[in-house]
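Number of protein chains: 2
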Amino acid sequence: MVPSILPKTHTWVILDSAMRALVTGGAGFIGSHLIDRLVARGDTVVALDNLSSGKLEFIQSHLDAGTVTHIQGDVTDFNAVLGAMKGIDCVFHLAANPDIRLGTRITDTDLKQGTLATYNIVEAMRRCEVKKIAFASSSVVYGEDAPLPTPENHGPCMPISLYGASKQAGEGLISSWVGTFGLQAWIFRFANIIGTRGTHGVIFDFIHKLKADPSRLEVLGNGLQEKSYMEVEDCVNGILHVMQQTDEPLNLFNLGSHDTASVRRIAEIVVEETGCHDAAIEYTGGDRGWAGDIPRAMLGIDKMMSTGYDVRFNSEAAIRHTAKALIQEIGINKEMNI
Amino acid sequence: MVPSILPKTHTWVILDSAMRALVTGGAGFIGSHLIDRLVARGDTVVALDNLSSGKLEFIQSHLDAGTVTHIQGDVTDFNAVLGAMKGIDCVFHLAANPDIRLGTRITDTDLKQGTLATYNIVEAMRRCEVKKIAFASSSVVYGEDAPLPTPENHGPCMPISLYGASKQAGEGLISSWVGTFGLQAWIFRFANIIGTRGTHGVIFDFIHKLKADPSRLEVLGNGLQEKSYMEVEDCVNGILHVMQQTDEPLNLFNLGSHDTASVRRIAEIVVEETGCHDAAIEYTGGDRGWAGDIPRAMLGIDKMMSTGYDVRFNSEAAIRHTAKALIQEIGINKEMNI
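Note that the protein sequences, when read in sequence, are chains A and B.
Residues in the first sequence are numbered from 205 upward in steps of one, following our numbering.
Residues in the second sequence are numbered from 205 upward in steps of one, following our numbering.
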C-alpha cells in the first residue's frame with residue numbers, strides 16, 4: 205500500500221544562505237538574465253542548455269568567473285537532466301520550444317520540448333530529492349475567451365496553441381508532483397517577455413526583416429493584436445522577489461506590466477529606431493498572426509503587486525528599450541536605407 | 205507562412221444520420237456502456253481496446269451482430285490509432301490508465317496512457333480529417349482547493365494526482381487542436397462513475413477484499429472522504445444528450461449527480477449487500493486514501509441540467525445498485541460468511 209502523503213504539513217527549508225540553482229535554458233534569453241541575478245545574489249548556478257537558440261556568450265563572464273557551469277544537454281534527454289540535478293537546491297525550468305508557430309507544422313514539438321521535458325525535470329527532482337522549482341508558464345494557457353486583464357483564478361483555461369497546451373500540461377505535472385511527492389513550486393504565467401539577448405519574438409523578427417529588406421516590413425495579421433509586454437529584467441527580478449515573499453506548497457503568479465501595445469505600434473517603433481523611415485509596413489490581414497495566436501492578451505498583476513513588486517517599464521517603453529538594444533545586437537546598418 | 209485559421213467561423217456538420225464512431229477503451233467499463241447506447245441509436249462502432257482491463261464479453265453481442273468491430277490495439281501506439289481512425293465521423297476517447305494509484309509508483313504511467321495517448325488521438329484525427337471528439341476528463345483536474353460543488357469555470361485547476369495531470373494535459377491538447385486545426389470537441393469532467401461491468405474502483409475493490417477475507421474490510425484512509433458518484437448509464441446517456449444539445453467548437457461539461465456519499469457509507473453498503481455482516485471495517489487512517497487522493501469532491505451540474513438532462517440515481521442509490529450488480533458479476537458467495 206502506498207502511504208498517505210500530506211504535503212501541506214511539510215516544513216519547507218528556507219534557504220537564507222547561497223544556494224545551488226539549476227537553470228534549464230540557462231544560456232537563453234530569459235535564462236541568462238536570471239543567471240545574472242542569481243550570481244549577483246551569491247548563488248552558484250548550473251546552466252543546462254542545448255544551445256539550439258541560447259548562446260554561451262550570454263553567460264560567458266560567469267563561466268569565466270567559475271560561478272556558472274554549463275552542461276550542454278537537452279531537457280528531452282532524461283539522463284542529461286538527471287546528471288544535472290545532483291546537489292541542486294532549486295530548479296528554474298525555463299527551457300522550451302522558442303518557436304510557437306513551429307508547433308503547427310511539427311505537432312509533437314511542444315509535446316516533447318514542453319510536456320515531456322517538464323516530466324523529466326520533476327521526475328529527476330523526485331529521484332534526487334530536489335524540492336523547489338520555479339516554472340516559466342505563459343499567459344497563453346488562458347486561451348482566447350478570458351476577461352482582460354486575466355486574473356490567476358480564471359477558468360476554464362482552454363489554450364488554443366500547441367505551445368499553450370504544453371505549458372498547461374507542465375503546470376499540471378508540477379502541481380501533481382507537489383500534491384503527490386511534496387515538491388514546492390512557483391508557477392509564473394508570463395506576459396510577452398522582451399529585452400536584450402532576444403533570440404525570437406516579434407521585435408527580433410521585425411529587425412531581421414528590415415535588415416534583409418529595409419524597404420518593407422511584413423506584419424502577420426492586421427496589426428491590431430493588442431498584448432502586454434514585460435521587460436526581461438523586470439521579469440527575472442519579479443521571479444526572485446515573489447519567491448522570497450511566498451512560501452505555499454504551490455504558488456501561482458501572473459508576471460506582466462500594466463498596459464498593452466498593438467503590433468502596429470511595435471512595427472512603427474521598430475521602423476523609427478532602425479531608421480528605415482521609408483519602409484512600407486504591409487499587413488498580411490486577419491485578426492491573428494498565425495493559427496493559435498491570441499489577438500488580445502493582458503494579465504492581471506494585482507497578485508504580483510501585492511507582494512510589493514512593480515515593473516520599471518510599461519509595454520511601450522519596454523518595446524522601445526528592446527528595439528534599441530536588439531538593433532545594436534543584430535547589427536542593422538542604418539545607413540543601408542539612405 | 206501558416207494561414208490564419210478561425211475555428212469560430214467554421215460550420216459544423218450536424219450528423220442527423222447514423223455515424224461511424226471510434227470508442228477508445230470500447231471494451232472497458234464506461235466504453236462498453238457507451239457502445240450499447242451508440243448501437244441502440246443506429247451507429248456503427250469501432251472499439252479500440254488493448255483488453256488490459258476491458259473484456260470482449262462486455263461487447264460480445266454487438267460483435268456477433270456485426271454492429272461493432274474490435275481492434276486490439278493500444279492508444280499509445282500511434283500507428284494503431286491511425287489505422288483505427290479511417291472513415292470515422294466521431295471519436296469517443298475514453299481509454300486511460302484505470303489504476304490511479306499506480307501513477308505514484310511508475311510515474312510515467314499516466315503520461316504515456318493519458319497525455320501521449322491523447323496526442324496520438326488528436327494527431328491521427330488531424331491527419332485523417334476526423335473533426336469531432338468527446339473526451340472523458342475527470343473532476344480530479346480541479347485539485348483539492350476548489351469550492352464544492354465545483355463549476356466548470358473554476359480556476360486555477362491544479363491537479364494533485366498524476367492521473368489528474370494527464371487529464372488536464374489531454375484537455376489542453378484537445379482545446380489546442382480545436383483552436384489551431386479546427387477540431388470540434390466535447391470535454392466531460394466526470395464524477396466517480398460506477399456501475400455494472402466495473403473493472404476497478406472502490407466498490408470493486410471492497411467486494412474483492414471481502415471475497416478474499418469475509419471477516420474484515422480494510423479501507424484506505426479514515427473513511428470520511430466524501431465524493432459524488434454517478435451511475436454509468438446516467439453517465440453515457442448524459443454524454444450523448446449533451447452532444448445532441450450543444451454545438452460550440454469547444455463544449456465543456458461536468459457530469460455528476462446531486463449529492464455525495466462517504467467511503468464509510470460505501471463500506472457499510474457493500475458489507476450489507478455481500479451479507480458479510482460480521483466483517484470488521486478497518487480504517488488505515490489519514491484524511492485521504494493515497495497520495496494524490498482528493499478527500500472531498502462534488503461537481504456543479506447546473507450546466508448539464510441546463511441542457512435538459514438529469515440523472516436517475518443519486519450517489520447512494522448508484523452505490524447500492526452497483527454493489528448488487530458487481531456482487532453478481534464477481535461472484536461472491538454469501539454463504540462463505542456463515
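Every residue, glycine too, gets a C-beta built ideally from N, C-alpha and C.
Contact under 8 angstroms by Cβ, residue i with residue j
i, j, result
"residue 395 (chain A)", "residue 461 (chain A)", "yes"
"residue 470 (chain B)", "residue 536 (chain B)", "no"
"residue 325 (chain A)", "residue 297 (chain A)", "yes"
"residue 463 (chain B)", "residue 432 (chain B)", "yes"
"residue 417 (chain A)", "residue 516 (chain A)", "no"
"residue 483 (chain B)", "residue 444 (chain B)", "no"
"residue 252 (chain B)", "residue 300 (chain B)", "no"
"residue 387 (chain B)", "residue 329 (chain B)", "yes"
"residue 336 (chain B)", "residue 268 (chain B)", "no"
"residue 222 (chain B)", "residue 258 (chain B)", "no"
"residue 405 (chain B)", "residue 366 (chain B)", "no"
"residue 331 (chain B)", "residue 377 (chain B)", "no"
"residue 318 (chain B)", "residue 341 (chain B)", "no"
"residue 401 (chain B)", "residue 236 (chain B)", "yes"
"residue 327 (chain A)", "residue 311 (chain B)", "yes"
"residue 429 (chain B)", "residue 360 (chain B)", "no"
Sequence-distant residues of its chain with Cβ nearer than 7 angstroms to residue i (five each side left out)
i, result
"residue 424 (chain A)", "488, 493 and 494"
"residue 305 (chain B)", "494"
"residue 503 (chain A)", "343, 353, 354, 393, 395, 432, 458 and 460"
"residue 447 (chain A)", "338 and 390"
"residue 278 (chain A)", "254 and 284"
"residue 155 (chain A)", "Nothing in the structure corresponds to residue 155 (chain A), since chain A is present only between 205 and 542."
"residue 372 (chain A)", "345, 361 and 363"
Euclidean distance between Cα positions of residue i and residue j
i, j, result
"residue 260 (chain A)", "residue 343 (chain B)", "45 angstroms"
"residue 450 (chain A)", "residue 507 (chain A)", "11 angstroms"
"residue 358 (chain B)", "residue 497 (chain B)", "19 angstroms"
"residue 346 (chain A)", "residue 233 (chain A)", "23 angstroms"
"residue 350 (chain A)", "residue 505 (chain A)", "15 angstroms"
"residue 403 (chain A)", "residue 435 (chain A)", "14 angstroms"
"residue 290 (chain B)", "residue 334 (chain A)", "46 angstroms"
"residue 302 (chain A)", "residue 409 (chain A)", "13 angstroms"
Contact with chain B by residue i, beta-carbon distance below 8 angstroms
i, result
"residue 435 (chain A)", "no"
"residue 332 (chain A)", "no"
"residue 359 (chain A)", "yes"
"residue 315 (chain A)", "yes"
"residue 226 (chain A)", "no"
"residue 449 (chain A)", "no"
"residue 312 (chain A)", "yes"
"residue 558 (chain A)", "Outside the modelled stretch of chain A, which goes from 205 to 542, sits residue 558 (chain A), for which no answer is possible."
"residue 323 (chain A)", "yes"
"residue 405 (chain A)", "no"
"residue 384 (chain A)", "yes"
"residue 504 (chain A)", "no"
"residue 495 (chain A)", "yes"
"residue 369 (chain A)", "yes"
"residue 319 (chain A)", "yes"
Close-in-space but distant-in-sequence residues of the same chain around residue i (CB under 8 angstroms, 5 per side omitted)
i, result
"residue 407 (chain B)", "398, 470, 474, 523, 526, 527 and 530"
"residue 249 (chain A)", "224, 225, 226, 227, 230, 239, 242, 243, 266, 271, 272 and 273"
"residue 382 (chain A)", "211, 388, 389, 453 and 454"
"residue 427 (chain A)", "466, 467, 468, 471, 485 and 487"
"residue 280 (chain B)", "316, 317, 320, 321 and 324"
"residue 411 (chain A)", "474, 478, 527, 530, 531, 534 and 536"
"residue 282 (chain A)", "324, 327 and 328"
Proximity test, Cβ basis, 8 angstroms: residue i and chain A
i, result
"residue 428 (chain B)", "no"
"residue 362 (chain B)", "yes"
"residue 454 (chain B)", "yes"
"residue 377 (chain B)", "yes"
"residue 366 (chain B)", "yes"
"residue 380 (chain B)", "yes"
"residue 308 (chain B)", "yes"
"residue 340 (chain B)", "no"
"residue 347 (chain B)", "yes"
Contact set for residue i: own chain, Cβ-Cβ below 6 angstroms, skip 5 residues either direction
i, result
"residue 362 (chain B)", "347"
"residue 369 (chain A)", "363"
"residue 456 (chain A)", "356 and 391"
"residue 385 (chain B)", "330"
Item to complete: Entirely within the segment 433-500 of chain A and at least 3 residues each: give me those beta strand (DSSP E) ranges in chain order.
Response: 433-435, 454-459 and 484-487
Fill in: Within the segment 319-358 of chain B, ranges of the alpha helix (DSSP H) (whole runs, at least 4 residues)
321-332
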